[in-house]
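Peer 1: I am attaching a structure below and will ask some questions about it afterwards.
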Amino acid sequence: MPVTSKKKSKSTHKSLQNGFSRSSELIGLSLCLVVKNEEQHLSQCLNSVKSIADEIILVDTGSSDRTVSIAKSIAKNTAKKHPTKIFHFQWCDDFSKARNFAISKAKGQWILMIDADEVLEQEAIAALQMVIAQDDCLAANILRTESGTNQAPYSYVMRLFRNHPEVRFWGYYHESIDQSITKLQARETHWRLLDIDVPVLHHCGYTAQEIDRKQKYEFAKRLMTKHLDAFPDDIYMHSKLGALYINAATAQTGAEDADHLSLGLQLLQRGLSLTENREDHVLTRFELLFHLGLAYEHGGDSLLAQDAYLQAIALNISDLVKLPAYMNLGGISQEKQQPEAIAYFAKVIEIAPDYAQGHFNYGAALKTAGRFTEAIASYERAIALQPQYAQAYQSLGVALMKIGYFQKAMAAFTNALQIYEQQGNYSALELLREGLREL
Numbered sequence: 001m002p003v004t005s006k007k008k009s010k011s012t013h014k015s016l017q018n019g020f021s022r023s024s025e026l027i028g029l030s031l032c033l034v035v036k037n038e039e040q041h042l043s044q045c046l047n048s049v050k051s052i053a054d055e056i057i058l059v060d061t062g063s064s065d066r067t068v069s070i071a072k073s074i075a076k077n078t079a080k081k082h083p084t085k086i087f088h089f090q091w092c093d094d095f096s097k098a099r100n101f102a103i104s105k106a107k108g109q110w111i112l113m114i115d116a117d118e119v120l121e122q123e124a125i126a127a128l129q130m131v132i133a134q135d136d137c138l139a140a141n142i143l144r145t146e147s148g149t150n151q152a153p154y155s156y157v158m159r160l161f162r163n164h165p166e167v168r169f170w171g172y173y174h175e176s177i178d179q180s181i182t183k184l185q186a187r188e189t190h191w192r193l194l195d196i197d198v199p200v201l202h203h204c205g206y207t208a209q210e211i212d213r214k215q216k217y218e219f220a221k222r223l224m225t226k227h228l229d230a231f232p233d234d235i236y237m238h239s240k241l242g243a244l245y246i247n248a249a250t251a252q253t254g255a256e257d258a259d260h261l262s263l264g265l266q267l268l269q270r271g272l273s274l275t276e277n278r279e280d281h282v283l284t285r286f287e288l289l290f291h292l293g294l295a296y297e298h299g300g301d302s303l304l305a306q307d308a309y310l311q312a313i314a315l316n317i318s319d320l321v322k323l324p325a326y327m328n329l330g331g332i333s334q335e336k337q338q339p340e341a342i343a344y345f346a347k348v349i350e351i352a353p354d355y356a357q358g359h360f361n362y363g364a365a366l367k368t369a370g371r372f373t374e375a376i377a378s379y380e381r382a383i384a385l386q387p388q389y390a391q392a393y394q395s396l397g398v399a400l401m402k403i404g405y406f407q408k409a410m411a412a413f414t415n416a417l418q419i420y421e422q423q424g425n426y427s428a429l430e431l432l433r434e435g436l437r438e439l
């Protein structure tokens, strides 16, 4: 089922018909987004939602590029299908205020909050419509996929919700509606929350080309630290700021690396202690455990890392969200040449059959075990899913060599060389050339 319930309804249909919206002129779905300097992404984002949005509310927080002019052009071309309203908001170091300003302008019974570097998966529209049709549903966690990133490939975000006057974003950074949803449900117990278990949004904002890492890091650290200073027991922000420090540690060396690692561990461990006996924070608990695993791995303690990942996969959450923990457990086992690596990577491709890296890693574990024919099949599947996967071609060549298929192996190596060159990965290119010269 693409949509699953998180709470049973206790109310009548009639009680759900009153007091939802901030506007008396109700329409169906308002698409809201807050933007700044998004000329590279905006058109793709807005084009992806045009078939489902009844209106688009765009709030600009001070763009200096063509973002606003692009929005105006799209608004002019789509005016007959749905109005696009453009507003300006004075930036004040508070993402929640900007998002709340956007939803205050919306007339829809439902709101979908989207970022400019996200696109709506067209296959998910039916699932969105199914949620919107539920009279007793207050909000939905929607599944988001990431591309070109070291982040977890899947995550849940609560971005689809009723235009209810008490549903508001909270937090300077990594803002969410979770707190207002919890308070509203405690008082109005008929409301259900739903999970949409098919990918709804595709996010491309974490690719290396998109991030000025230092600038983004300093901006995020400043706002998250400001938030924790104001709300020192916020579990979610402990997770996010801790993860930020751990990610920074992996990109640094020396004393700065150690400082980031220490700060990250303190925040994650503190956050984890705050989640004890808190079922309402199970997804955040997963994030805390997962990033603790990363921290322990980076610090060289694979046993503690394995323990953190094992605790993470034991949680009662979607297997898709657990996928990176299974991947890292497989990676540790593979590094130690433990046979469990095969089982972990098999679980990965069971969870996500179209995840190319999962098939590649499964192939690597099979190759280590001497199961070359199966490894070849896994590498070929990875390539079918991601045709420019140079590493998969290279590993395919090695596996083919092992069973005497020299001509096919050389063809695979040639493909790997071509892709490395096209991608500008000259270090990998030279290493492979050197290895081939030694054959």
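When we follow UniProt numbering, the leftmost residue of the sequence shown carries the number 1, and every step to the right adds one.
Glycine included, each C-beta is placed from N, C-alpha and C at the ideal position.
#1: Below 8 Å, can you find three or more Cβ-Cβ pairs linking the region 389-401 to the region 349-361?
#2: Drop a sphere of 10 angstroms on the beta-carbon of Trp91, count the other beta-carbons inside from all chains shown, and report buried for 16 or more, exposed for fewer.
#3: Just to confirm, is the Cβ distance from Val321 to Ala127 under 8 Å?
#4: Is it true that the CB of Ile74 sits closer than 8 Å to the CB of Ser30?
#5: Which residues does DSSP pair with Ser30 in a beta bridge?
#6: Which residues in the same chain have their Cβ closer than 6 Å to the Cβ of Ala341, if we skip the five residues on either side of it in sequence?
#7: Of the residues Ser239, Gly242, His174 and Ser180, which one's Cα is nearest the Cα of Asn163?
#8: By the DSSP assignment, the alpha helix (DSSP H) with Phe372 in it spans what residues?
#9: Which residues in the same chain have their Cβ closer than 6 Å to the Cβ of Ser395, if we skip the five residues on either side of it in sequence?
#10: Does the distance from the C-beta atom of Leu429 to that of Glu421 stay below 8 Å?
#11: In angstroms, rounded to a whole number, what distance separates the CA positions of Ser427 and Leu417?
#12: Using the rule of at least 16 other Cβ atoms within 10 Å of the residue's Cβ for burial, across every protein chain shown, is Arg437 buried or exposed?
#13: Give the straight-line distance between the Cα atoms of Leu315 and Asn47, rounded to the nearest whole angstrom.
#14: Of all the beta strand (DSSP E) runs that stay within the bounds of the region 162-244, which reach a length of 3 or more residues?
#15: At what residues does the alpha helix (DSSP H) containing Thr414 begin and finish?
#16: May I ask you to verify whether the region 134-144 touches the region 190-199, counting CB pairs closer than 8 Å and requiring at least 3?
#17: List the endpoints of the continuous beta strand (DSSP E) containing Glu38.
#18: Tell me the rounded alpha-carbon separation between Leu261 and Leu292.
#19: Ordered along the chain, which non-local residues of its own chain (more than five positions away) have a Cβ less than 6 Å from that of Leu439?
#20: Excluding the five sequence neighbours on either side, which residues of its own chain have a C-beta within less than 6 Å of the C-beta of Lys85, listed in chain order?
#21: Can you give me the C-alpha to C-alpha distance between Ala106 and Ser96, rounded to a whole angstrom?
#22: DSSP state of Asp60, grouped into three classes?
#23: Once DSSP output is grouped into helix, strand and coil, what is the label at Cys137?
#24: So, under 8 Å CB-CB, Val35 and Thr67 are touching, yes? Tell me the CB distance rounded to an integer number of Å.
#25: Could you check whether Ile246 and Thr275 sit closer than 8 Å to each other, using their CB atoms as the reference points?
#26: Here's the rule I'm using: 16 or more other beta-carbon atoms within 10 Å means buried, otherwise exposed. How should Ser155 be labelled?
#27: Out of Asp301, Leu267 and His203, which one is the CA nearest neighbour of Pro232?
#28: Output yes or no for whether 8 Å exceeds the beta carbon distance between Met224 and His174.
#29: Could you check what DSSP says for Ser155 in three-state terms: helix, strand or coil?
Peer 2: The short version:
#1: yes
#2: exposed
#3: no
#4: no
#5: Glu55 and Ile111
#6: Gly330, Ser333, Gln334 and Ala365
#7: Ser180
#8: Phe372 to Leu385
#9: Tyr379
#10: yes
#11: 11 Å
#12: exposed
#13: Going by the C-alpha atoms only, they are around 37 Å apart.
#14: List check, beta strand (DSSP E) in window: 192-203.
#15: Phe406 to Gln423
#16: yes
#17: Taken as a continuous stretch (DSSP letters only), Glu38 belongs to no beta strand (DSSP E), as it is neither H nor E.
#18: Rounded to the nearest angstrom, the two C-alpha atoms are 10 Å apart.
#19: none
#20: For Lys85, where only same-chain residues beyond five positions count, the Cβ hits under 6 Å are Ile57.
#21: Separation of Ala106 and Ser96 (C-alpha to C-alpha, rounded to the nearest whole angstrom) is 16 Å.
#22: strand
#23: strand
#24: In this structure Val35 is in contact with Thr67, their Cβ atoms being roughly 6 Å apart against a cut-off of 8 Å.
#25: Result no, Cβ atoms of Thr275 and Ile246 do not sit closer than 8 Å.
#26: buried
#27: Leu267
#28: Between Met224 and His174, the C-beta gap is smaller than 8 Å, which places the two residues in contact.
#29: strand
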